[in-house]
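Q:
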Amino acid sequence: MASFATPLRLGPLLLKNRVIMASLTRDRNRVPGPLQVEYYTQRAGAGLILTEGTFIEPIGAEWSNAPGIYSDEQVAGWKKVVDSVHNHNGRIFLQLWHIGRVAHPLLQDGRPNVAPSAIAAKGGKFRQLEGTPGYVTPVAIEDPEHYVALYKRAAERAKEAGFDGVELHAANGYLPHQFIDNTSNQRTDQWGGSAENRCRFPLRIIDEISSVYGNDRVGIKLGPGGGYNDMGMTEKDTVETYGYLIKELNARRIAYIQIARYWALGDPVKRGTPIDIFQWRGLIDSSHTKFFVNTEYNSEDGTKALQDGSADAIVFGRFYISNPDLAERLINNQELNTNFNMKGFYGGSAEGYTDYPTYEQQHKAQ
């Protein structure tokens, strides 16, 4: 019976525990610097760190200081992060990110937003810039293989930086998710229509980045329930599509499949479907591909999922913002810090970023 403290074999890696740090956009620096080295090193107690979403090309994100992996300077910056995490006995994967049609239209340097089809998302609100320009109608991508090649190049750069592996972000309404979902993908070529065709884009990316890292150092994040960024199919289409996709991913023997639960707060236009993510558990062979679960997990929920074997590891997001030593707190059954500094969530400096105390520091101060 597994617990948070139980080590986990992930491909060639042995993770020291089953507490995974989720990808968390904090909008601090396009090129990782000393602040990012400190931030990630503070959290090296995690069994595995998944970096914040990292752009595979210069793109107009609403987060104007989100990092990339498309320049030599960024590779050098990330290498310092990776080296420090490794020096503190941590493991770290880079999350590969392209946001497609939901890029901020005013931050695109005159380039159009792109997507599988020329269909705008609904309900767009951007955190930066005054007003709400909202989502715009994107230009349909002519050749998806161009973007597959961008992901592969980003994986090559991640390997140069020394990352232990890479994760494809195929959830949250970003580019791979836009291909998967039949509300955003209405193509009539080999990249659209059937579940097989709509899943072709993420699977092509997985194959190419696996050629760089090896399949057992590659993971993927999926969000079948949709909601965020105007994603979500009917329950029937969701079950069919993700059943096919997960079978194909399992056959490729990748390191892990991370599935996020539906999150109502991230679904302003009520597009998503609260769906049971554990219906696909039986399609994943944990002897070679681990099953990670994410979204709104606490200590009790996570403990239960590990004990009954319904998940191999638990991915924590917001708790890793305010608890740099979250893994240690969960393993030792210590109280979690729920005092979030909202000012430091997106953008800024050390405040609300690297100034959260460990359990020991917190209690020394009392």
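If you read the sequence shown in this note's numbering, its first letter stands for residue 32, the second for the next number, and so on. All C-beta atoms, glycine included, are put in the ideal place defined by N, C-alpha and C. Computed from a predicted model, the values in this text were never measured in an experiment.
(1) Per DSSP, what kind of secondary structure is Arg122 in: helix, strand or coil?
(2) Could you tell me the distance, in whole angstroms, from the CA atom of Arg61 to the CA atom of Gln67?
(3) Check the DSSP bridge columns for Ile288 and list the partner residues they point to.
(4) Does the separation of the CB atoms of Phe124 and Val197 fall below 7 Å?
(5) With distances taken Cα to Cα, identify the nearest neighbour of Arg349 among Asn363, Gly340, Pro233 and Asn329.
(6) Among Arg312, Ser241, Gly141 and Ala342, which one has its Cα closest to the Cα of Arg184?
(7) Answer with buried or exposed for Gln126, where buried requires no fewer than 16 other C-beta atoms within 10 angstroms of its C-beta.
(8) Please report the straight-line C-alpha distance between Thr214 and Ala151, rounded to a whole angstrom.
(9) Could you tell me whether the Cβ atoms of Val50 and Ala358 are closer together than 7 Å?
(10) Please state whether the Cβ-Cβ distance between Asp261 and Lys153 is less than 7 Å.
(11) Can you check whether the CB of Arg248 is closer than 7 Å to the CB of Ala286?
(12) If you draw a straight line from the alpha carbon of Leu46 to that of Leu39, how long is it in whole angstroms?
(13) Quick one: Cα of Gln105 to Cα of Gly64, how far?
(14) With 16 as the cutoff for other CB atoms within 10 Å, does Gln209 come out buried or exposed?
(15) From the DSSP output, in three-state form, read off Ile211 for me.
(16) Output yes or no for whether 7 Å exceeds the beta carbon distance between His119 and Thr72.
(17) Could you check the C-alpha separation between Asn203 and Met32 for me, to the nearest Å?
(18) Once DSSP output is grouped into helix, strand and coil, what is the label at Thr385?
(19) Which same chain residues end up closer than 6 Å to Ala171 when comparing Cβ atoms and leaving out the 5 residues on each side of it in sequence?
(20) When the distance is taken between beta carbons, is Ile290 closer than 7 Å to Ile308?
(21) For the segment 120–196, list the alpha helix (DSSP H) runs that are entirely contained and at least 4 residues long, ordered along the chain.
(22) Indicate whether Ala342 and Phe322 have their beta-carbon atoms separated by less than 7 Å.
(23) Whose C-beta lies closer than 7 Å to the C-beta of Asp268 among residues of the same chain, with five residues either side of it excluded?
(24) Which whole-angstrom value is the C-beta distance of His256 and Arg292, which I expect to be below 8 Å?
(25) If I follow the unbroken beta strand (DSSP E) through Arg40, where does it start and stop?
(26) For Val16, name the three-state secondary structure that DSSP assigns.
A: So, to answer that:
(1) Locating residue 122 in the sequence shown gives position 91, counting from the first residue. Coil.
(2) Here the question's residue 61 lines up with position 30 in the sequence shown. Here the question's residue 67 lines up with position 36 in the sequence shown. Between the alpha carbons of Arg61 and Gln67 lies a distance of about 11 Å.
(3) Looking up residue 288 in the sequence shown gives position 257. Partner(s): Ile251 and Phe322.
(4) The sequence position of residue 124 within the sequence shown is 93, counting from 1. The sequence position of residue 197 within the sequence shown is 166, counting from 1. Contact flag set, yes.
(5) Taking the sequence shown and counting its residues from 1, one reaches residue 349 at position 318. Comparing Cα positions, the closest option is Asn329.
(6) For the purposes of this step, residue 184 is taken as residue 153 along the sequence shown, with counting starting at 1. It is Ser241 whose Cα lies nearest to the Cα of Arg184.
(7) One-based indexing of the sequence shown puts residue 126 at position 95. Gln126 should be labelled buried.
(8) As a working note, residue 214 is residue 183 in the sequence shown. As a working note, residue 151 is residue 120 in the sequence shown. Computed Cα separation, rounded: 10 Å.
(9) Position 19 of the sequence shown, counting from 1, holds the residue named residue 50. Position 327 of the sequence shown, counting from 1, holds the residue named residue 358. Result yes, Cβ atoms of Val50 and Ala358 sit closer than 7 Å.
(10) Within the sequence shown, residue 261 is the residue found at index 230, counting from 1. Within the sequence shown, residue 153 is the residue found at index 122, counting from 1. Yes; because the gap between Cβ atoms is below 7 Å, this pair is in contact.
(11) Locating residue 286 in the sequence shown gives position 255, counting from the first residue. Locating residue 248 in the sequence shown gives position 217, counting from the first residue. Yes, these two residues count as a Cβ contact at 7 Å.
(12) Taking the sequence shown and counting its residues from 1, the one referred to as residue 46 is at position 15. Taking the sequence shown and counting its residues from 1, the one referred to as residue 39 is at position 8. So the two alpha carbons sit approximately 5 Å from each other.
(13) As a working mapping, residue 105 is identified with position 74 in the sequence shown. As a working mapping, residue 64 is identified with position 33 in the sequence shown. Spanning the two alpha carbons is a distance of roughly 9 Å.
(14) Within the sequence shown, numbered from 1, the residue matching residue 209 stands at position 178. By the beta-carbon neighbour count (other beta carbons within 10 angstroms, threshold 16), Gln209 is buried.
(15) Here the question's residue 211 lines up with position 180 in the sequence shown. Three-state result, Ile211: helix.
(16) Residue numbering aside, residue 119 sits at position 88 when the sequence shown is read from its first letter. Residue numbering aside, residue 72 sits at position 41 when the sequence shown is read from its first letter. Yes, the Cβ-Cβ distance between His119 and Thr72 is below 7 Å.
(17) Position 172 of the sequence shown holds residue 203. Position 1 of the sequence shown holds residue 32. Their backbone Cα atoms lie some 32 Å apart in a straight line.
(18) One-based indexing of the sequence shown puts residue 385 at position 354. DSSP places Thr385 in coil when its eight states are reduced to three.
(19) On the sequence shown, residue 171 is found 140 positions in, with the first residue counted as 1. Once the five neighbours on either side are set aside, the close Cβ partners of Ala171 are Ser148 and Ala149.
(20) On the sequence shown, position 277 is the one that residue 308 refers to. On the sequence shown, position 259 is the one that residue 290 refers to. Cβ distance < 7 Å, so Ile308 and Ile290 count as in contact.
(21) Runs found: 175–192.
(22) Within the sequence shown, the letter at position 311 stands for residue 342. Within the sequence shown, the letter at position 291 stands for residue 322. Judged by beta-carbon spacing, Phe322 lies within the 7 Å limit of Ala342, meaning their Cβ atoms are closer than that value.
(23) Within the sequence shown, residue 268 is the residue found at index 237, counting from 1. Cβ within range, chain order: Asn213.
(24) One-based indexing of the sequence shown puts residue 256 at position 225. One-based indexing of the sequence shown puts residue 292 at position 261. The amino acid at residue 256 is misidentified as His; the sequence shows Gly. Contact holds; Cβ gap of about 7 Å.
(25) Position 9 of the sequence shown, counted from the start, is the residue given in the question as residue 40. Unbroken beta strand (DSSP E) run through Arg40: Leu39 to Leu41.
(26) Outside the shown range of the chain, which is 32 to 397, sits residue 16, and nothing can be said about it.
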